[in-house]
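Visitor: This is the structure, below, for whatever I ask next.
Number of protein chains: 2
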Amino acid sequence: MSLLPPQIIRTIEELSKLPGIGPKSAERLTFHLLRSSRASPGALGQAMLDLKKDLRYCIECQMITITEKCAVCTDTSRDHSMVLVVEEPLEVIAFERTPYRGVYHVLHGVLSPIDGMGPEQLKIRELITRAKAGGITEIILATDPDIEGEATASYLQEQLRGLVSSVTRLAHGLPMGADIEFADQVTLREALAGRRGM
Amino acid sequence: MSLLPPQIIRTIEELSKLPGIGPKSAERLTFHLLRSSRASPGALGQAMLDLKKDLRYCIECQMITITEKCAVCTDTSRDHSMVLVVEEPLEVIAFERTPYRGVYHVLHGVLSPIDGMGPEQLKIRELITRAKAGGITEIILATDPDIEGEATASYLQEQLRGLVSSVTRLAHGLPMGADIEFADQVTLREALAGRRGM
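Listed in order, the protein sequences are those of chains A and B. For the first sequence, position 43 (counting from the first letter as 1) is numbered 43 according to our numbering, and the numbering increases by one without interruption. For the second sequence, position 175 (counting from the first letter as 1) is numbered 373 according to our numbering, and the numbering increases by one without interruption.
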């Protein structure tokens with residue numbers, strides 16, 4: 001590899017550090033950037049350098065933003081009595097593609113003792129503070145349906161008891177378009193337990 | 199998406215322009231860069247900005263380099279009478295992992311009339327000039343074994359006739375580790391035609 005100019009090697013090395021991009025893909029991407037008229041290393045490089053600039057957490061919901069409050073929390077047309085709790089900022093973006101019109105709270109992780117993630121490492125104190133401040137009637141726990149996500153939801157439910165009138169969890173069941181034949185037994189059990197009248 | 203800060207959106211957009219990276223992967227990579235302790239948007243961004251800086255083609259072999267002559271062409275311990283002709287710089291790196299100790303010539307593409315790539319767009323004139331200068335006994339044509347690569351090899355063979363004593367082509371046949379059952383008929387035909395005594 002020493003035959004390549006150092007800046008090419010450095011770009012390949014840095015790209016290789018990204019998840020799902022091995023050394024071969026990094027080589028291919030780097031040479032694509034050198035030749036392409038569409039992708040530009042200059043534009044991408046500048047975007048990367050600016051990436052963390054002025055980034056902060058919304059003082060209300062902890063969403064990543066560049067203003068004191070994010071666009072959702074400053075939107076008075078939204079229902080501020082309903083708070084949807086997610087693990088990561090990208091999940092807010094996912095819910096924004098649905099008809100949901102309440103507000104959010106981003107935990108920035110899940111409880112995971114192995115990874116050193118306890119309640120102090122998450123934005124849980126901020127959620128409790130919001131709940132205590134009043135005006136919230138429902139908190140929807142939308143952590144992932146996996147071990148850490150379920151544990152985090154249970155912990156939050158415990159902490160929020162008595163602070164808000166309703167703490168709910170996203171429905172579990174078959175995803176739309178799923179093939180029942182290939183569904184795992186836990187999902188099928190949840191889908192049965194959560195069956196609804198038609 | 200408008201909920202995300204503009205620099206995050208810009209990074210996602212620029213990453214989406216890379217081959218094999220869709221909008222969802224670009225989102226995931228961007229948020230990985232925001233959080234990761236290993237990958238750094240600053241280091242990657244700076245590497246991208248520097249990527250094209252001082253890059254030039256080696257005056258001998260047209261390899262990408264930052265000096266007048268590349269490391270291979272300046273290496274007097276290598277066999278300068280043997281020139282291996284490749285389409286792209288990355289292919290030089292691939293051959294450098296083999297015991298090959300001759301020198302190279304990078305065409306920077308293949309003949310492809312549909313894409314507007316004629317002989318003038320490739321580094322063919324430079325190869326002819328090298329051949330005419332003398333001192334080369336063998337030119338190995340290592341363009342890809344596809345339609346454009348074969349056409350380019352034929353064209354080069356024609357152009358180099360009488361200039362060097364030997365113009366060869368990489369062997370075609372079964373790749374190592376291949377399953378004969380699944381080999382295509384053209385490869386099998388070439389493997390038969392090129393069979394060697396044991």
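Glycine residues also receive a C-beta, built at the ideal position from the N, C-alpha and C atoms. Here the structure is a predicted model, which means the values were calculated and not measured.
(1) Would you check if the stretch 233-243 of chain B and the stretch 10-24 of chain A touch, i.e. whether three or more CB-CB distances between them fall below 8 Å?
(2) How is the alpha helix (DSSP H) around Asp248 of chain B delimited, first residue to last?
(3) Measure the Cβ-Cβ separation of Leu390 of chain B and Thr366 of chain B and say whether it is below 8 Å.
(4) With 8 Å as the limit, tell me which residues of the stretch 89-105 of chain A have their beta carbon closer than that to any beta carbon of chain B; keep them in chain order.
(5) Enumerate in chain order the residues of its own chain whose CB-to-CB distance from Glu346 of chain B is below 7 Å, with the five nearest sequence positions on each side excluded.
(6) Interface residues of chain B around Cys70 of chain A at Cβ under 8 Å?
(7) Taking 8 Å as the limit between beta carbons, can you name the residues of its chain near Val301 of chain B, skipping five residues before and five after?
(8) Excluding the five sequence neighbours on either side, which residues of its own chain have a C-beta within less than 6 Å of the C-beta of Glu87 of chain A, listed in chain order?
(9) Given this structure, state the Cα-to-Cα distance separating Gly116 of chain A from Asp184 of chain A, to the nearest angstrom.
(10) Going by other Cβ atoms of all chains shown within 10 Å of its Cβ, with 16 needed for buried, is Pro287 of chain B buried or exposed?
(11) Mind pulling the chain A residues with CB within less than 7 Å of Asp248 of chain B?
(12) Can the beta-carbon of Leu170 of chain A be found less than 8 Å from the beta-carbon of Ile124 of chain A?
(13) Which residues in chain A have a C-beta closer than 9 Å to the C-beta of Pro239 of chain B? List them in chain order.
(14) List the residues of chain B whose Cβ lies closer than 7 Å to the Cβ of Lys17 of chain A, in chain order.
(15) In angstroms with no decimal places, state the Cα-to-Cα distance between Asp377 of chain B and Thr152 of chain A.
(16) Give me the Cα-Cα distance between Val384 of chain B and Pro343 of chain B, rounded to the nearest whole angstrom.
(17) If Gln205 of chain B and Asp75 of chain A are in contact, beta carbons under 8 Å, what's the gap, nearest whole angstrom?
(18) Would you tell me roughly how many angstroms separate the C-alpha atoms of Phe380 of chain B and Gly392 of chain B, rounded to the nearest one?
(19) Along chain A, which residues have their Cβ under 9 Å away from the Cβ of His278 of chain B?
(20) Going straight from the alpha carbon of Met261 of chain B to that of His303 of chain B, what length do you get?
(21) Checking contacts by CB at 8 Å: is Glu14 of chain A closer than that to chain B?
(22) Helix or strand or just coil, what does DSSP make of Tyr155 of chain A?
(23) Along the beta strand (DSSP E) that carries Leu282 of chain B, what are the first and last residues, could you check?
(24) In chain A, what lies closer than 8 Å to Glu348 of chain B by C-beta?
(25) When the Cα atoms are used, what is the spatial distance from Glu120 of chain A to Gly162 of chain A?
(26) Whole angstroms is fine: what's the gap from Glu294 of chain B's alpha carbon to Leu325 of chain B's?
(27) According to DSSP, simplified to helix, strand and coil, what is Thr74 of chain A?
(28) Identify the continuous alpha helix (DSSP H) that holds Ile93 of chain A and give its terminal residues.
(29) Determine the direct distance from the alpha carbon of Ile66 of chain A to that of Ser36 of chain A, and round the result to whole angstroms.
(30) Does the Cβ-Cβ distance between Ala39 of chain A and Leu386 of chain B come in under 8 Å?
(31) Using alpha carbons as the reference points, say which of B:Ser363, B:Pro203 and B:Thr335 lies closest to Glu68 of chain A.
(32) In this structure, how does DSSP classify Cys338 of chain B when only helix, strand and coil are distinguished?
(33) Roughly how many angstroms separate the alpha carbons of Ile337 of chain B and Ile219 of chain B, rounded to a whole number?
(34) Give the range of the alpha helix (DSSP H) segment to which Ser205 of chain A is assigned.
(35) Can you tell me whether Met246 of chain B is buried or exposed? The criterion is at least 16 other CB atoms within 10 Å of its CB, across all chains shown.
(36) DSSP three-state call for Gly300 of chain B: helix, strand or coil?
Guide: Looking at the atomic coordinates:
(1) yes
(2) Pro239 to Asp248
(3) no
(4) Pro89, Leu90, Val92, Ile93 and Glu96
(5) Val308, Leu309 and Ser310
(6) Leu201
(7) Glu258, Cys259, Val270, Cys271, Arg276, Asp277, His278, Met280, Val281 and Leu282
(8) Leu107, Val110 and Thr143
(9) 30 Å
(10) buried
(11) Gln7
(12) no
(13) Ala47, Met48, Leu49, Asp50, Leu51 and Lys52
(14) Arg236 and Ala237
(15) 50 Å
(16) 11 Å
(17) The pair is not a contact, with the Cβ atoms about 22 Å apart (cut-off 8 Å).
(18) 19 Å
(19) Simply none; closest approach about 16 Å.
(20) 7 Å
(21) yes
(22) helix
(23) Asp277 to Val284
(24) None at all; the shortest Cβ gap to chain A is about 23 Å.
(25) 21 Å
(26) 20 Å
(27) coil
(28) Pro89 to Phe95
(29) 32 Å
(30) no
(31) B:Pro203
(32) As written in the sequence, residue 338 of chain B is Ile, which differs from the Cys given in the question. Ile338 of chain B: strand per DSSP, three-state reduction.
(33) 38 Å
(34) Residue 205 of chain A is absent from the structure shown; chain A starts at 1 and stops at 198.
(35) buried
(36) strand
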